[in-house]
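Following: one structure in structure tokens, then a few remarks.
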Amino acid sequence: MARPRKQGDATRWPVPCGRCGEHHQSVANWPDGGVCGYCYQRAKRTRGTCTCGHQGVLPGRIDGYPACRRCSGVKLNIDCKTCGAEDELYRGGRCQRCELAVIVDRILTNPETGVMAAELVPVAAALKLMKRSNSGVTWIRQRHVTAFLKDLAMAPTITHEKLDELPGADRTRNFIRGLLVEHGALPRRDELAVRYNQWATGALERVSTGEHRDVVRRYIRWHLQRRMNQMETVPHGTFLRSKQTVTVAIEFLNWLHDHGFALEELRQEHLDAWLADGPSTRSLVDRFIPWAIKCRLVDPDLTIARHRRGTSPKLSASEQDAAVERVVHTDELTVRDRAAAILVIVFGQHIEDVIQLTWDDVTVTDDLVTIRLGRTEFALPSPLDEPMRQLAAAPGNDLTASHPNSNWVFRGYSPGRHIHGASMRSRLKSVFGTRAARLGTLHELTKLGPVPIIADALGYHPSTIERHAIGSASTYAEYIGATRELRQIS
Ligand SMILES: [Zn+2]
Ligand SMILES: [Zn+2]
Ligand SMILES: [Zn+2]
């Protein structure tokens, strides 16, 4: 990292630096002249291929061009004591990568046996190969990370349960768990299902009576968790919704108890009163009541108006154009986020589907980028293809250890996982609300062509498109990419 540069002082250092020409203290006398501290630092970090063909650090200067030590005659210690590579040196005369390796081995070796657990060997290898070893060193030196890894190194056996027990921050725990799973040292388990289970155990304690607690326990076990168990992986939305459902059910049962009633005594007026004098989230009890009726816990004649989810806000055409403009032409978002945003905003796709794209679904050729989403396949016309091209060229997350063989297009922080819908949504929030953008897109697309063609191209049911078509103006909006796009597909 570059230090802020101090102002030069011509009185104290009358002879200017041979490289930058400013008046700073000279720290070395190299063949091309006196060199100030700033230029010395910069020289150590200059890498490339010298005219002689040598690849590595080029600290010297010949005719203003960087040159290797041999060609320039500059004397500088940049040979790593461990691997021999030319690099900036850190503790013990080691390069940053060798320093990282030493730290990883030290922390992950069990101090009592002097041996590293077999499960941890591939994890250690992955950590040593982090793309940016300086970030790796900074990460592993944090006190809570070091402590967590040292505890792990001492664990007699490494299991999911053992990881759950270790003290430490969840972020570190989840990252390390991901590495262990990714490298085959632990079986994959559905983290959200496990987290839901842990959350539910705590939530049950908030139920005021034992009888009601049993009801909630059954509801969780036989309704919510049963459904989760049938899913291959629990989506984040299901996890959040199931928490909200139980929270509202518990509040409702506690309210009932406070008014002196048990669930089997529930009458329509109780339900109506509860819904009438509380926040609108109370209406989510419409998930619990039908289940209670089905299980014959309450009067089957109870009715509850289905919770209206409201009309989602839509981006107007001009807001949408502005958003497309920002997504396509700025560096405000990362390449990954821009690629995702284009699929949502221009092609009207759900973010939950977009984040599940794998590189098998994307074809990049010199003149065309095509994406397959569900049954739909579409081409990204220029300039909409640019972010996806860049991503295909360098799909890596900063921490390569996280994704040794990952096929996800939109990689997340957790090893081997795609990014969460919720985190992608919040990343894109600065540009547009994803749901609003998707609905706005549908609205605009209906102006461009016959409903069945659009429906087919975008994989929507024609009636969904029709509803939007009714609300939209008949003028053909200038719409980046989409017009051309639809012609290509139809
Ligand atoms: Zn200088
Ligand atoms: Zn050279
Ligand atoms: Zn080294």
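The sequence shown begins at 1 in the numbering used here and counts up one residue at a time. Every residue, glycine too, gets a C-beta built ideally from N, C-alpha and C.
One Cα belongs to residue 417, the other to residue 389, and the distance between them is close to 21 angstroms. Within 10 angstroms of the beta-carbon of residue 368 lie fewer than 16 other beta-carbons, which makes it exposed. Exclusion of the five residues before and after residue 287 leaves 245 as the residues of its chain whose Cβ lies within less than 6 angstroms of its Cβ.
The Cβ atoms of residue 114 and residue 415 do not sit closer than 7 angstroms to each other. Taken through DSSP and simplified to helix, strand or coil, residue 370 comes out as strand.
Taken in chain order, the whole beta strand (DSSP E) runs of length 3 or more contained in the stretch 127-200 number zero. Restricted to the stretch 17-63, the beta strand (DSSP E) segments that are unbroken, complete and at least 3 residues in length are 26-30, 33-36, 47-49, 55-57 and 60-62, listed in chain order. Beta bridge pairing from DSSP links residue 363 with 370. If you look at residue 219, you'll find it in the alpha helix (DSSP H) that goes 210-219.
Between the alpha carbons of residue 149 and residue 108 lies a gap of roughly 6 angstroms. Taking 8 angstroms as the upper bound for CB-CB distance, residue 428 and residue 337 are in contact here, some 6 angstroms apart. Measuring C-alpha to C-alpha distances from residue 142 to each of 160, 202, 234 and 103 identifies 103 as the nearest. Exposed is the label assigned to residue 15, since fewer than 16 other Cβ atoms lie within 10 Å of its Cβ. Cβ neighbours of residue 97 within its own chain (closer than 6 angstroms, five residues either side excluded): 133. When distances are taken from the beta-carbon of residue 101 to the heavy atoms of ligand 3, even the shortest one reaches 6 angstroms or more. The beta carbon of residue 51 sits no closer than 6 angstroms to any heavy atom of ligand 3. Counted as a single uninterrupted DSSP element, the beta strand (DSSP E) harbouring residue 66 occupies residues 65-67.
When the five nearest sequence neighbours on each side are left out, the beta carbons in the same chain lying within less than 8 angstroms of the beta carbon of residue 213 are those of 204 and 207, in order along the chain. Selection around ligand 1 by beta-carbon proximity, strictly under 7 angstroms to any non-hydrogen atom, yields 17, 19, 20, 22, 24, 35, 36, 38 and 39 in chain order. Annotation: the continuous alpha helix (DSSP H) that includes residue 421 extends over 421-428. What you get when you keep residues with a C-beta closer than 6 angstroms to any heavy atom of ligand 3 is 80, 82, 83, 85, 94, 95, 97 and 98.
Close CB contacts of residue 201 within its chain, under the 7 angstroms cut and outside five residues either way in sequence, are absent. In terms of Cβ geometry, residue 87 and residue 61 do not form a close pair [threshold 7 angstroms].
In this structure, residue 19 lies near residue 39, with their beta-carbon atoms less than 7 angstroms apart. Close CB contacts of residue 44 within its chain, under the 8 angstroms cut and outside five residues either way in sequence, are with 57, 59, 76, 78 and 88 (chain order). Bridge partners of residue 110 according to DSSP: 115. Pairing residue 344 with residue 351 gives a Cβ-Cβ distance under 7 angstroms. A Cβ-Cβ contact shorter than 7 angstroms links residue 339 with residue 391. Residue 168 is positioned such that its CB atom lies closer than 7 angstroms to that of residue 144.
Collapsing the DSSP output to three states places residue 86 in a strand. Counted as a single uninterrupted DSSP element, the alpha helix (DSSP H) harbouring residue 275 occupies residues 268-276.
Nearest in C-alpha terms to residue 175, of all of 423, 413 and 426, is 413. With respect to the C-alpha of residue 228, the residue from 162, 420, 266 and 194 having the closest C-alpha is 194. As a beta-bridge residue in DSSP terms, residue 408 pairs with 358.
Residue environment for residue 240: exposed (fewer than 16 other C-beta atoms within 10 angstroms of its C-beta).
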